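First the structure, in the form of C-alpha cells, and then the observations on it.
Numbering (the numbering used here), first residue to last: 515 to 1176.
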C-alpha cells in the first residue's frame, strides 16, 4: 500500500487547516474556507487566537460596570467601496441565525450609511487657531456595497473628469471665465479610448498638450479664486476650494495618462515607489493643493506619518499607486453610500455573527490560544511545528464568550473570569491576555504537521511574526524582506459620552465624520447612533457618543492616554464644539459623563502603514514561500495593499482560495 507523503492528508480524511490569528484576515480565511457544504466536507478548520474575543484591532468590548458602553481600539468606519468586506458581511448575515431578542437581523440593521464628511482647514498664522471645514456631500450611487464592480481606472478617470466639470459648471458665473473645458474634454476622450487607438489625441505629445492645458487652467483658477468676492469670505473660501479641487483633479488625471494608462498592474507597481503627494506635485499640483485639508485627511485617516509624527505633511508617506486606486474607488466606486458606521461595537456588529456562523458550520474557534512559536520542517520547505500557549483553562470545559446588552450578543471588555480556572486570582493579578508582554500559560500545546494540521494560514502581522517565527526569515530572503520592510505605527484613541446632544455643542456642519483636525487626535466621528444599543440608567444616560483617534508618535509616552486626551481637549476641542466650552476653551462641567482612552503601541495593536517603496516587499496571501503556509492580513499584497478592513478581508478570501485550489 502506498503511504501518504509527509504533509499530505490521509485519503478519505479532511484536510486540517490551522488559522493563526482571530482578526479580520484570519476570520475571513476561515469563513471562505468553510463557505459551502463541499468545502466543509473537505477541510477541518481551527482558528487559534489569543484572549477572549475575536477582531484583532477591530475588537470591541462592553463595559458591563459602566452602562454596557462600547469600548473600541479606535475609530472604525467602513467604506462603501469595500467590495470584498461587504460581500463577506452580506453572506454572513444571510446565513446568521441571531437570537430572537436581537435588534440586528439584517446587515442593514447593524449599519448606518453616511454621505457627508468634512476635512478641517486651519487658518494660517491665526491665534487662537481658527478652523473651517471643507464639506463634501456625496451622492447616493446605485447598488449596495459588495455588489461587483467592473470599472477600471480608465473609466474612473472619465468619471473624475465628468464630476469635476459638473462641479465647476454648478457655478455658471465662473464657467465663462475659467477655460477648463478643453483639458477636461481631452481627458474624457482619452479615458474612453484604448491606448492603441489611432486618433489625433493619442500621440507622443498628448501628455505635453494636457500639461499645457492644465497650466492654463491653473493660471486662471488661482487669481480668480483670490480676487472673487473679496467682501464675502464664505464665497471666497468656496472659490478657493474649487480652484484646489480642479488643481488636484487635473494633476491626478494627467498623472494617470502619463504613468498608468494602458500599463496595467505594472504601472501601479512602478508608481508605488513614489509618495502620493510627490507624484501629484510632479504632475503640476500646486503647494496649496498638496497641503490642502482633503489631502491632509487622506494621510490622517491612514496614519501615514513616519514615526507617527503627524505635525507636518512633510513627514507623510503613502505609496502612490495604491493610494490612487483607493482614492478613486473611495470617491467614485462606492455603492449606495461612501461611508458606513456600525450601530454597535465593531465586535458586536461584525464578529459576533461571524463567530456564530463559523461555529454553526463546525469551525473550531480556540480562544485563549497564543501562538508562541512556529518552526519549519526538517527540509525547511514547510511549516512543521506550531507551539501554542493555552492561556487559561475553563471551569466547565468550554467557554461562553458573550454577554447580552439590549438583546445583542456582545463581547465583554474583559474575560468572563468566573468561567476560567483560578479566574479571580488571574483578575486580581491584572492579567492582560491580549498583551504580547503577558506570559500567562495554563498549558503548552505542540501542533505537528500531518497530525494536527496540514495547511497553515498565518494571520498575525509582521511585528508578531518577527517574535514567533524568526527562523523563517533565516532561510528565505523574500520572506526576510517582507518582514524587515513592513512598517507600523502606534495609534491613540479616546471616546467621550456626553450629556448634551451633538446639536447642542456648537458644531455647525451637518457632517459627522471629520479629519485633518488638530493633532494629535486629528480624526473625529459622532457615533451617537450606538446609544440605543448601550444600557445606561435613565438618570445618567448620555445623549452623544464621540470618537477621536490619531497617530501616537514613537517619541511620546504611551503610559498616559487619558492625560494625552485631556491635554488635547483643553487645547483643541473649542474649535469643534464652541458651545460646549468655557471661556478658557475647556469642556464645561457636566458636559462629559464618561470616557474611555487607550494607546495601541505594541504587537498586533499597531497599524501597518503603506509608505512609498514598501509595497514591492509585500507577499501575496498564498502560497507564501513555504509549501503549506498562506497569509492573511492587511499587511499582505492585495488590491489596496493598505491598512484597512477591506485589505484584511480580501487577503483572507485569497488565502482560502489558494488553499482550496490545491
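The C-beta atom is built at its ideal place from N, Cα and C for all residues, glycine as well.
Computed from a prediction, not measured in an experiment: that's the story for all the values here.
- So which of 1005, 757, 1084 and 895 has the shortest CA-CA distance to residue 586? Along the chain shown, read from residue 1 onward, the residue named residue 586 stands at position 72. Minimum Cα distance to residue 586 is reached at 1005.
Cutting at 7 Å between CB atoms, please list the residues of its own chain near residue 938, excluding the five before and the five after it.
Within the chain shown, numbered from 1, the residue matching residue 938 stands at position 424. If we look at residue 938 and ignore the five residues flanking it on each side, its Cβ neighbours are 931.
- Of all the alpha helix (DSSP H) runs that stay within the bounds of the segment 768-823, which reach a length of 4 or more residues? 779-785, 790-796, 801-804 and 807-815
Taking residue 1078 as part of the alpha helix (DSSP H), name the residues at either end of that continuous run. On the chain shown, residue 1078 is found 564 positions in, with the first residue counted as 1. Start and end: 1075-1086.
Item to check | Cβ-based burial, residue 786 [other Cβ within 10 Å; buried from 16] | outcome: The count along the chain shown starts at 1 and reaches residue 786 at position 272. It counts as buried.
With a threshold of 6 Å on Cβ separation, who are the neighbours of residue 652 within its own chain once the five nearest residues in sequence on each side are excluded? Position 138 of the chain shown holds residue 652. Contacts found: 629 and 852.
Contact check, residue 987 vs residue 1003, beta carbons under 8 Å
Residue mapping note: residue 987 aligns to position 473 of the chain shown, counting from 1. Residue mapping note: residue 1003 aligns to position 489 of the chain shown, counting from 1. Not a contact, by the Cβ cut-off of 8 Å.
**OP:** Please state if the CB of residue 841 and the CB of residue 812 are separated by a distance shorter than 8 Å.
**Re:** Looking up residue 812 in the chain shown gives position 298. Looking up residue 841 in the chain shown gives position 327. Yes; because the gap between Cβ atoms is below 8 Å, this pair is in contact.
Is it the case that the segment 762-776 contacts the segment 786-801, given that we only count it when at least three CB pairs across the two stretches are under 8 Å? The segment 786-801, when compared against the segment 762-776, does touch it at the 8 Å Cβ threshold.
Whole runs of the alpha helix (DSSP H) within the segment 952-986, excluding any shorter than 4 residues: 976-982
Would you call residue 788 buried or exposed, if buried means 16 or more other Cβ atoms sit within 10 Å of its Cβ?
-> As a first step, residue 788 must be located in the chain shown, where it is residue number 274. Residue 788 is buried by the Cβ-count criterion.
Among 1036, 1155 and 559, the one whose alpha carbon lies nearest that of residue 826
Sequence index remark: in the chain shown, residue 826 carries index 312 (1-based). Of the candidates 1036, 1155 and 559, the one whose C-alpha sits nearest the C-alpha of residue 826 is 1036.
Discussion item. Pop quiz: residue 1115 and residue 576 are said to be a contact at Cβ under 8 Å. What is the actual Cβ separation, rounded to whole angstroms?
Written reply: What you label residue 1115 is simply residue 601 of the chain shown in a count that begins at 1. What you label residue 576 is simply residue 62 of the chain shown in a count that begins at 1. Rounded to whole angstroms, the Cβ separation of residue 1115 and residue 576 is 24 Å, and the two are not in contact under 8 Å.
Proximity to residue 1151 [Cα-Cα], best of 883, 953, 1124 and 830
Within the chain shown, the letter at position 637 stands for residue 1151. The candidate whose alpha carbon is nearest that of residue 1151 is 1124.
Check your understanding: Is residue 664 buried or exposed, if buried means 16 or more other CB atoms sit within 10 Å of its CB?
Key -> By 1-based counting over the chain shown, the position of residue 664 is 150. The residue is exposed, with fewer than 16 neighbouring Cβ atoms inside 10 Å.
task = Could you pull out every residue in the same chain whose Cβ sits closer than 6 Å to the Cβ of residue 1179, ignoring the five residues on either side in sequence?
result = An answer regarding residue 1179 cannot be provided, because it is not within the stretch 515 to 1176 covered by the chain.
Can we say the segment 827-839 touches the segment 541-557, given the rule of at least three CB pairs closer than 8 Å?
-> no
### Message
With the cut-off set at 8 Å, would you say residue 816 and residue 1157 are in Cβ contact?
### Response
Here the question's residue 816 lines up with position 302 in the chain shown. Here the question's residue 1157 lines up with position 643 in the chain shown. It is a contact, given that the beta carbons lie within the stated cut-off.
task: Taking all protein chains shown into account, decide if residue 1118 is buried (16 or more other Cβ within 10 angstroms of its Cβ) or exposed.
output: Translated into the one-based positions of the chain shown, residue 1118 becomes position 604. Looking at its Cβ environment, which holds 16 or more other Cβ atoms inside 10 Å, residue 1118 is buried.
Review point. Below 8 Å between beta carbons: does that hold for residue 1063 and residue 589?
Key: Within the chain shown, residue 1063 is the residue found at index 549, counting from 1. Within the chain shown, residue 589 is the residue found at index 75, counting from 1. The answer is yes: Cβ separation under 8 Å.
Pairwise C-alpha distance: residue 979 and residue 648:
Start at 1 with the first residue of the chain shown, and residue 648 comes out as number 134. Start at 1 with the first residue of the chain shown, and residue 979 comes out as number 465. Cα-Cα distance, rounded: 41 Å.
| query | With a CB to CB cut of under 7 Å and the five nearest residues on each side skipped, what residues in its chain are close to residue 999? | reply | Position 485 of the chain shown, counting from 1, holds the residue named residue 999. Closer than 7 Å at Cβ, skipping near neighbours: 1128 and 1131.
Practice task
Leaving aside the five residues before and after residue 920 along the sequence, list all residues of the same chain whose C-beta is less than 8 Å from its C-beta, in chain order.
Solution key: The residue labelled residue 920 in the question sits at position 406 within the chain shown. Closer than 8 Å at Cβ, skipping near neighbours: 582, 617, 1046, 1047, 1048 and 1049.
Open item on the list: Quick check on the DSSP output: the beta strand (DSSP E) that includes residue 1125 runs from which residue to which?
Closed with: Position 611 of the chain shown holds residue 1125. Neither: residue 1125 is in no beta strand (DSSP E) and is coded neither H nor E.
Going by DSSP in three states, residue 716 sits in which element: helix, strand or coil?
Residue mapping note: residue 716 aligns to position 202 of the chain shown, counting from 1. Here residue 716 scores only 46 on pLDDT, less than 50, and its place in the model is too uncertain to base an answer on.
In whole angstroms, what separates the C-alpha of residue 947 from that of residue 770? For the purposes of this step, residue 947 is taken as residue 433 along the chain shown, with counting starting at 1. For the purposes of this step, residue 770 is taken as residue 256 along the chain shown, with counting starting at 1. Cα to Cα, the separation comes out at about 47 Å.
Are the CB atoms of residue 906 and residue 874 within a distance shorter than 8 Å? Along the chain shown, one-based indexing puts residue 874 at 360. Along the chain shown, one-based indexing puts residue 906 at 392. Not in contact: residue 874 and residue 906 (Cβ atoms no closer than 8 Å).
*asked:* In the DSSP output, what is residue 1005 paired with across the bridge?
replied: Working through the chain shown from its first residue, we reach residue 1005 at position 491. In the DSSP output, where bridge partners are listed per residue, residue 1005 has 1065 and 1114.
- Query: Count the other CB atoms within 10 Å of the CB of residue 927; is the residue buried (16 or more) or exposed (fewer)?
  - Reply: Mapped onto the chain shown, residue 927 falls at position 413. Label assigned to residue 927: buried.
Review point. Do you know how far the Cα of residue 1153 is from the Cα of residue 774?
Key: Reading the chain shown from its first residue, position 260 is the one you call residue 774. Reading the chain shown from its first residue, position 639 is the one you call residue 1153. Approximately 15 Å, taken between the alpha carbons.
Identify the continuous beta strand (DSSP E) that holds residue 1029 and give its terminal residues.
-> Mapped onto the chain shown, residue 1029 falls at position 515. Looking at the DSSP string, the run of the beta strand (DSSP E) that includes residue 1029 is 1027-1029.
*How is residue 903 classed by DSSP in three states: helix, strand or coil?*
Locating residue 903 in the chain shown gives position 389, where the first residue counts as 1. Looking at residue 903 - three-state DSSP - the assignment turns out to be strand.
Taking C-alpha atoms, which residue in 1133, 1138, 1141 and 619 lies nearest to residue 863? In the chain shown, residue 863 corresponds to position 349, counting from 1. Among 1133, 1138, 1141 and 619, the Cα nearest to that of residue 863 is on 619.
### Query
Exposed or buried, which one is residue 1155 when buried takes at least 16 other CB atoms within 10 Å?
As a working mapping, residue 1155 is identified with position 641 in the chain shown. When all chains shown are included, residue 1155 counts as buried.
Next on the checklist: I'd like the list of long-range same chain contacts for residue 1054, defined as Cβ closer than 8 Å, with 5 residues on each side in sequence excluded.
Outcome noted: Start at 1 with the first residue of the chain shown, and residue 1054 comes out as number 540. Here the set comprises 581 and 1107.
Tell me, please, which residues DSSP counts as bridged to residue 1158.
-> For this step, residue 1158 is matched to residue 644 along the chain shown. DSSP output for residue 1158 lists no bridge partner at all.
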